[in-house]
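Counting in our numbering, the sequence shown tops out at residue 102, every number present.
Read through the structure below, which is laid out as structure tokens, and then see the notes.
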Amino acid sequence: MGDSISAREVRANLARLLDQAQAGEPTVITRGGTPVAAIVSIEEYNALEEAADELLAREALQTLKEEGDAPRATLADVLADIFGPPSGASREGTA
8 MGDSISAREV RANLARLLDQ AQAGEPTVIT RGGTPVAAIV SIEEYNALEE
58 AADELLAREA LQTLKEEGDA PRATLADVLA DIFGPPSGAS REGTA
């Protein structure tokens with residue numbers, strides 16, 4: 008893993024940290040000695056996002072295979088879970 012730097016030091020070194028990230032050198036940001044974030048290149052970030060999406064897709068496919076013909080949620084149910092109920096719609100148990 009790359010260097011680490013305290014959150015306090017980030018402000019004074021942001022330009023250098025961005026240059027390092029762009030060069031492929033990640034930096035871990037710590038708060039009170041505990042790692043809390045990382046600065047990475049956009050390419051590495053995108054690769055991590057794609058890998059996470061692929062893993063989620065594989066897990067979803069595996070779940071579908073295991074559940075077979077079990078009832079499935081509608082698109083509206085999925086969207087409501089992600090974004091909340093449509094505006095103007097009341098939630099169950101509320102007046």
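Backbone N, C-alpha and C fix where the C-beta goes; we use that ideal spot for every residue, glycine too.
So, T34 versus I49, is the Cβ gap smaller than 8 Å?
No, they are not a contact pair.
Is the stretch 78-95 close to the stretch 60-69, with three or more CB pairs under 8 Å?
As far as the Cβ criterion goes, the stretch 78-95 does not touch the stretch 60-69, which means the pair count is below three.
Practice task
Identify which residue in L25, D88, E74, S11 has its Cα closest to the Cα of G39.
Solution key: G39 has its Cα closest to that of S11, out of L25, D88, E74, S11.
query = When burial is assigned at 16 or more other CB atoms within 10 Å of the CB, is L24 buried or exposed?
reply = That one is buried.
Practice task
Pull up the DSSP beta-bridge partners for A45, would you.
Solution key: Here A45 is bridged, per DSSP, to V35.
Next on the checklist: Taking 8 Å as the threshold (C-beta atoms), are A19 and I36 in contact?
Outcome noted: Cβ atoms of I36 and A19: not closer than 8 Å.
Quiz item: From A44 to A83, what distance separates their C-alpha atoms?
Solution: So the two alpha carbons sit approximately 34 Å from each other.
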